[in-house]
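Chains as they are written, first to last, in the numbering used here: chain A, 1 to 327; chain B, 328 to 589. C-beta: ideal position from N, C-alpha, C; glycine also.
Printed below as a string of structure tokens:
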């Protein structure tokens, strides 16, 4: 039984169609022209309980809009969506107790007060008895490595500490479906890793379903076995991350350190030259040509060190979005 | 019900904690209440000092109206301004998302989330002025009169709340409605004086369009023993109607909420 089920989901926004300049402004003032912009079109997928799914896409691809339809903040203009057996937009209390939404760029903690005060408010609103709330806060604080920070005003916390406190506040009611919109936005690498580890741990311990969007590929590779790729409002790919890289990138990355400097032209015919900085060479080589190219490379140049990798996922996705099509 | 009461407790205790982070506000607010009150009394005294009356009200009776205005103004600063004034921001920044995803009535959250103690001096000053002036005006209210007055004041509070909430709720469509709520608050200032002091055209406006008459003059009539039960009923009816209207409008408005983009 799927816990999240979207069928032909679509959303279009009515926006003003206004020409630039004074003339355009005047015309717009007297005869307002509106047009419907589709933000999400015909998106279908289904997610099983306990899955951790990454939601990928460029800015404006429709990730956040989809997330808002799944949490019930906005009403779909087409199609149907069901989360934990509920129709999200009705926002029944029992549905809202099942889910949570964490947004990297918006916060629910009270700015001037310690997180504990906001947590008390949440405990009251969700009707969690005080003793129980204390126990849960203790447990989550330990997992998040938060201690005395919970007693300091939010405005005095670092971004990483604040994000962890936000997670605590969002999970106090033990939701079984987590929607995370850029949960590591703006965090430094250490803090990112901590948040990731926590989410993986939480998923393991509670079996909660997690759907997260992120700009940081690291989040996706570390957490998600499965990704949904959305492009220009349409679902573009649904499957494992590994398969996506293979499908989109039928080549591998070859890095070597050379014993002497060479001009870039020297590497013509050895695949696609990615970079040549000093004596460090990076080439993209198609999988079929890999062994042949490697042996030619080793016999033609004084190679000190050699490494063969999958190209970074960022690069593949970035390439995909630049080209606008599947390779 | 218990959950709502406990939530209210946590709302107000956290607001109190937050306000006490900035203690200087208390002093400023106290001074501003006293200053406003003194200004209004002086203005009123100018009318009466020259032998003019205000719409047939005696000096002491007019002070009762001023007392009720001060009371309502204090209530506005304590509850309406901090809560309803924040709605526009919730819409603009998208933090309304968090409110809508809580398993609690969103109108309740938005209307009761904050509590500013700095309006309380106004409430106390208003109550004191009402008591003092009513006694000097020779009113010796019976229990039913006091009860009727309390009901009327309650409906004043509800009408004012609903009106303000409706204006704030329109921010879902227009986003920028600061000016509209400012206009509302300055119209209230008209309630400092008995409604019969105004020319007939304004009197109609203040009774039918903007219910300023219901807010201050009618409760004042009640405490002076001049209101009839039908007035009390009409005012209560008006309060219920506007409250219902605000709820209906809010539910309708939420269908149009698109949430600020990230």
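Ignore the nearest five residues each way along the sequence and tell me which others in residue i's own chain have a CB closer than 8 Å to its CB.
| i | result |
| --- | --- |
| residue 499/B | 418, 580, 581, 583, 584 |
| residue 478/B | 559, 562, 563 |
| residue 586/B | 421, 423, 424 |
| residue 201/A | 143 |
| residue 434/B | 492, 573, 574, 577 |
| residue 453/B | 394, 395, 396, 397, 398, 399, 400, 401 |
Spatial neighbours of residue i within its chain, please: CB distance less than 6 Å, with the 5 preceding and 5 following residues excluded, ordered by chain position.
| i | result |
| --- | --- |
| residue 164/A | 144, 146 |
| residue 570/B | 485, 489 |
| residue 339/B | 442 |
| residue 292/A | none |
| residue 15/A | 37 |
| residue 254/A | 283, 285, 308 |
| residue 327/A | Because residue 327/A sits at a pLDDT of 38, beneath the cut-off of 50, its placement in the model cannot be relied upon, and the point is left open. |
| residue 372/B | none |
| residue 241/A | 227 |
| residue 178/A | 100, 208, 210 |
| residue 49/A | 3, 209 |
| residue 276/A | 264 |
Based on the DSSP secondary-structure assignment, which residues constitute the bridge partners of residue i?
| i | result |
| --- | --- |
| residue 11/A | 40/A |
| residue 384/B | 381/B |
| residue 179/A | 101/A, 211/A |
| residue 16/A | 34/A |
| residue 303/A | 258/A |
| residue 229/A | 56/A, 237/A |
| residue 309/A | 253/A |
| residue 5/A | 46/A, 82/A |
What whole-angstrom Cβ distance do residue i and residue j have, given they're in contact under 8 Å?
| i | j | result |
| --- | --- | --- |
| residue 547/B | residue 392/B | 5 Å |
| residue 271/A | residue 283/A | 5 Å |
| residue 168/A | residue 199/A | With a Cβ gap of about 13 Å, residue 168/A and residue 199/A do not count as contacting. |
| residue 303/A | residue 273/A | The Cβ separation is near 16 Å, so there is no contact. |
| residue 70/A | residue 52/A | So it is not a contact: roughly 15 Å between Cβ atoms. |
| residue 65/A | residue 11/A | 5 Å |
| residue 427/B | residue 73/A | 6 Å |
| residue 338/A | residue 235/A | In the structure displayed, chain A extends from 1 to 327; residue 338/A sits before or after that span and is not available. |
| residue 360/B | residue 448/B | 5 Å |
| residue 431/B | residue 125/A | 5 Å |
| residue 102/A | residue 181/A | 7 Å |
| residue 185/A | residue 108/A | About 15 Å; that fails the 8 Å criterion. |
| residue 237/A | residue 229/A | 4 Å |
| residue 41/A | residue 233/A | 5 Å |
| residue 404/B | residue 446/B | 3 Å |
| residue 221/A | residue 55/A | Wrong, their Cβ atoms sit about 14 Å apart, outside the cutoff. |
Can you find the residues in the same chain that come closer than 7 Å, C-beta to C-beta, to residue i, ignoring five residues on each side of it along the sequence?
| i | result |
| --- | --- |
| residue 456/B | 390, 393, 394, 397 |
| residue 466/B | 550, 551, 552 |
| residue 439/B | 335, 338, 410 |
| residue 92/A | 86 |
| residue 386/B | 375 |
| residue 57/A | 63, 229, 230, 231 |
| residue 75/A | 89 |
| residue 153/A | 112, 113, 114 |
Is there a Cβ of chain C sitting closer than 8 Å to that of residue i, yes or no?
| i | result |
| --- | --- |
| residue 333/B | This model lacks chain C altogether, as its protein chains are A and B. |
Tell me which residues of the stretch 48-75 of chain A have at least one Cβ-Cβ distance to chain B shorter than 8 Å, keeping chain order. For the stretch 48-75 of chain A, which is checked against every Cβ of chain B, the residues closer than 8 Å are 64, 68, 71, 72, 73, 74, 75.
Which full runs of the alpha helix (DSSP H) of 4+ residues lie inside the stretch 19-96 of chain A, going along the chain? 21-30, 63-71, 93-96
Beta strand (DSSP E) runs wholly inside the stretch 237-301 of chain A, at least 3 long, in chain order: 251-258, 272-277, 280-286
Taking any Cβ of chain B, which residues in the stretch 115-135 of chain A have a Cβ under 7 Å from it, in chain order? Listed by position along the chain: 117, 120, 121, 124, 125, 126, 127.
Using a Cβ cut-off of 8 Å, which residues of the stretch 421-432 of chain B contact any Cβ in chain A, in chain order? 421, 422, 424, 425, 427, 428, 429, 430, 431
With 7 Å as the limit, tell me which residues of the stretch 338-367 of chain B have their beta carbon closer than that to any beta carbon of chain A; keep them in chain order. So the list reads 338, 341, 344, 345, 348, given in the order they occur along the chain.
Unbroken stretches of the alpha helix (DSSP H), 4 residues or longer, contained in the stretch 343-419 of chain B: 351-376, 386-402
Closer than 7 Å between beta carbons: that is the criterion. Which residues of the stretch 77-97 of chain A meet it against chain B? 91, 93, 96, 97
Secondary structure, beta strand (DSSP E): runs of 3+ residues fully inside the stretch 98-152 of chain A: For the beta strand (DSSP E) assignment, the uninterrupted runs of no fewer than 3 residues enclosed by the stretch 98-152 of chain A are, from N- to C-terminal side, 99-103.
Could you run through the stretch 7-38 of chain A and flag, in chain order, every residue whose CB is less than 7 Å away from some CB of chain B? 13
Listed from N- to C-terminal order along the chain, which residues in the stretch 225-239 of chain A have their beta-carbon within a distance smaller than 9 Å of any beta-carbon of chain B? none
Can you give, in chain order, each stretch of the alpha helix (DSSP H) that sits fully within the stretch 433-514 of chain B and has at least 4 residues? 433-439, 447-463, 470-496, 498-501
Using a Cβ-Cβ cut-off of less than 9 Å, give me the residues of the stretch 275-303 of chain A that come near chain B, in sequence order. Those residues of the stretch 275-303 of chain A placed with their C-beta closer than 9 Å to a C-beta in chain B do not exist.
Please list, in chain order, the residues of the stretch 514-533 of chain B that have any C-beta partner in chain A closer than 9 Å. For the stretch 514-533 of chain B, no residue has a beta-carbon sitting nearer than 9 Å to a beta-carbon of chain A.
Chain A contacts from the stretch 454-465 of chain B (Cβ-Cβ distance under 9 Å): none
At a CB distance below 9 Å, what residues from the stretch 97-110 of chain A approach chain B? Give them in sequence order. Under the 9 Å Cβ criterion, the stretch 97-110 of chain A contributes 97, 99, 100, 101, 103, 104, 105, 106, 107, 108, 110.
In the stretch 572-588 of chain B, which residues sit with their C-beta less than 8 Å from some C-beta in chain A, listed in chain order? 582, 584, 585, 586, 588
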